Every structure is written in C-alpha cells, then in structure tokens.
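J.: Sharing a structure, written as structure tokens. Questions coming.
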Amino acid sequence: VSLENRLRQALQEDRLSLHFQAKVAAGDGRLVGAEALLRWQDGETMIPPDQFIPVAEECGLIVPIGEWVIARAVSQIAEWRHRYPQVPPIAINLSPRQFWRPSLAQGMLDALAAADLPTSALEVEITESVVLDPEGDGIEQLNRLRAAGIGIALDDFGTGYSSLSYLQRLPISVLKIDRSFIRPLAADRSDGDSEPLVRAIIAMAHSLSLQVVAEGVETPQQLQTLQALNCDILQGYLLSRPLPPGQFAEKFLVDR
Ligand code: G
Ligand code: G
Ligand code: MN
Ligand code: NA
16 VSLENRLRQA LQEDRLSLHF QAKVAAGDGR LVGAEALLRW QDGETMIPPD
66 QFIPVAEECG LIVPIGEWVI ARAVSQIAEW RHRYPQVPPI AINLSPRQFW
116 RPSLAQGMLD ALAAADLPTS ALEVEITESV VLDPEGDGIE QLNRLRAAGI
166 GIALDDFGTG YSSLSYLQRL PISVLKIDRS FIRPLAADRS DGDSEPLVRA
216 IIAMAHSLSL QVVAEGVETP QQLQTLQALN CDILQGYLLS RPLPPGQFAE
266 KFLVDR
C-alpha cells in the first residue's frame, strides 16, 4: 500500500495528532507562544512529518489534512482557554497548496468565530514559497488574515528562495531564523561562525518592526549568544521538544 493511501486512511481514522512546541521570551523565559506540529502514529511507528508532508503536498492530501489541523488546533486552543487563564497564541503551519483554496482564510476566521475565540489566539507560519506559487492568491489571503488580527510568521528564513523583497511583500509580523543559522552559533565549527549573519538578520527584522524567533536552539551557549544579539523569542530542544497536548499543558500552562 502506498504512503499516500496509508496517509489517507490515517486521516479518516483519526490517527493524526498535533504536538506543541513552546516558544519562550529570550529575556525572561516566559511562554509567549507554541507551534503545532503534525504527528502520524502508524501502528507502533511514528512517521515524521518531513516524510509525509511532502507526499501530502504532492498528492493534494495536504488540503484535507490542513483543514483537520485548523479544526484540531482551534478546538485545542478553546479547551485550554477554558481551563487556563493565560494561553499564548498557537501557530499552525500552512503549505502553499492550501492557498489554492480561496476559502482558506475565511474558513480559519469562521472556525475561530464559531469557537468564540479572538483572532489573536491563532498564528500562522508560512514560507516564502507561498509568494512563488502561481496557482494561489496567497498574498491576498494572508492580507486578510493579518488585517483580521492573526499573526503571520515567515518560517525557515534565510533558506530556500527567500529574498529580502518578500519581507516587504508579505504581511508578516514575525521572522523565524532557520535553524541552519542557529546550529553554528557559538560553536567552533569549520563551516564558519554564523553570528554576523544572525546579528544582521535580527537588526534588519527589528528595523522592519518584526519580532524575531530563533529556531532549533539546542545549547546554553546558543541561548546566551541569542540573548546578547537581542533576539526576541527562542524555540528548540533546549527549551522543550514538541510535546503531546497533555504534557505541554502540564509543563507550560498554569491552572486557574
Ligand atoms: O515537526 P517537525 O517535526 O519534523 O516538522 C517537519 C516539517 O513539517 C516542518 O517543516 C514543518 O513546518 C512541517 N509541518 C509540521 N506540521 C505541519 C502541518 O500541520 N502542516 C504543514 N503544512 N506542515 C507541517
Ligand atoms: O519548518 P519548521 O520550522 O516548521 O520545522 C519545525 C521542525 O523543527 C520540527 O520538525 C521540529 O520537530 C524541529 N525542531 C524543533 N526544535 C528543534 C531543535 O532544537 N533541533 C532540531 N534539530 N530540530 C528541531
Ligand atoms: Mn514552522
Ligand atoms: Na522552520
């Protein structure tokens, strides 16, 4: 059976789940957000998203899967907000192909309204490939979301085809520095120190009034360097791995 068919079946049988990875303030370590990340439990094995997301994007299954992610995230946020006094914005990842559906943005706003949630409860993470996709009206729909109050983060910044012009063309509020720039930070590495680049990216983002998230923070040395460079928000295994909802709440959310 192909991966595609197994994935279709997993979606039908509700075997996908969301894990949540904390984003913390670089200054004082408080929780300022979380990223929802898809997980597929296939019997005994957990199939990682970098194996099935590309397949789902290729065959179009990412559209119903993306709808499921939106619904699951919204109901999880509603449940948490009912129980905990302070729940930060929760981010979901959106693939370019999801923007082929002109109702993506309105569907998200409707889902939030139906759950009685403010738009500030949700964020989205996109890559610059949304701009490059000729099939979708990505920028228009992102403008809609942004105007409605949904935060938009540009993911994996510095890799792929990301160009500085997208920082102006996309209605983003947050820039996430790709972890390939964080890994060489504060380490003796033959492939060179990325500190000058990270410093410049942070300064540029701040001059555009964007918040900066460092992805893939794994060591205390990286954390210290990022603090010294005025990075706003940290995400990575040093702070927390992505966790199932129950564990995330236990670790990061405080009961009423
Ligand atoms: O969670 P990490 O576990 O391995 O995720 C790998 C990749 O899969 C990342 O690039 C991430 O953006 C992507 N990804 C994870 N969850 C989702 C999702 O719900 N939707 C989309 N479109 N991509 C996701
Ligand atoms: O492309 P995106 O940024 O959405 O991908 C997030 C991916 O990064 C997920 O697969 C998540 O599991 C992974 N990730 C999160 N923190 C770390 C980290 O500290 N180190 C590494 N290597 N991967 C991480
Ligand atoms: Mn992401
Ligand atoms: Na990323």
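For the sequence shown, the numbering used here gives the first residue as 16, with consecutive numbering after it. Cβ coordinates follow ideal geometry from the N, Cα and C atoms, glycine included. If you're wondering where the values come from, they're calculated on a predicted model, not measured in any experiment.
(1) Using beta-carbon positions only, say whether Leu109 and Phe67 come within less than 8 Å of one another.
(2) Report, in whole angstroms, the separation of the C-beta atoms of Val232 and Leu238, which I expect to be a contact under 8 Å.
(3) Would Gln250 and Val228 qualify as a contact pair, given that the criterion is a beta-carbon distance under 8 Å?
(4) How would you call Asp125, buried or exposed, if buried means at least 16 neighbouring beta carbons within 10 angstroms?
(5) Just to confirm the assignment, what range does the beta strand (DSSP E) spanning Thr60 have?
(6) In chain order, what are the residue ranges of uninterrupted alpha helix (DSSP H) at least 4 long that sit wholly in the stretch 82-150?
(7) With H, G and I counted as helix, E and B as strand and the rest as coil, what does DSSP make of Arg54?
(8) Would the stretch 204-218 count as touching the stretch 174-183 if we require 3 or more Cβ pairs under 8 Å?
(9) Write down every uninterrupted run of the beta strand (DSSP E) in the stretch 165-203 whose length is 3 residues or greater and which is fully enclosed by it, in chain order.
(10) How many Å lie between Ile197 and Leu212 at the Cα?
(11) Can you tell me whether Val16 is buried or exposed? The criterion is at least 16 other CB atoms within 10 Å of its CB, across all chains shown.
(12) Using a threshold of 8 Å, state whether the C-beta atoms of Asp148 and Pro111 are closer than that.
(13) If you draw a straight line from the C-alpha of Glu73 to the C-alpha of Val145, how long is it?
(14) Return helix, strand or coil for Ala41, following the three-state DSSP convention.
(15) Report the residue from Asp29, Gly44, Leu31 and Gly48 whose alpha carbon sits nearest the alpha carbon of Ala37.
(16) Okay, do the stretch 24-34 and the stretch 50-67 touch, 3+ Cβ pairs below 8 Å being the bar?
(17) Below 8 Å on the Cβ atoms is my guess for Arg105 versus Ile141; work out the distance and round it to an integer in Å.
(18) Drop a sphere of 10 angstroms on the beta-carbon of Gly58, count the other beta-carbons inside from all chains shown, and report buried for 16 or more, exposed for fewer.
T.: Answer, in terms of the structure:
(1) no
(2) 6 Å
(3) yes
(4) exposed
(5) Thr60 to Ile62
(6) Runs found: 119-129 and 144-147.
(7) Three-state result, Arg54: strand.
(8) Between the stretch 204-218 and the stretch 174-183, the count of Cβ pairs shorter than 8 Å is below three; the stretches do not touch.
(9) 166-172 and 189-192
(10) 10 Å
(11) exposed
(12) The Cβ-Cβ distance between Asp148 and Pro111 falls below 8 Å.
(13) 15 Å
(14) coil
(15) If we check each option's Cα against that of Ala37, Gly48 comes out closest.
(16) yes
(17) At residue 105 the sequence reads Ile, which differs from the Arg that was named. Not quite, the Cβ-Cβ distance comes to about 15 Å (not below 8 Å), so this is no contact.
(18) When all chains shown are included, Gly58 counts as exposed.
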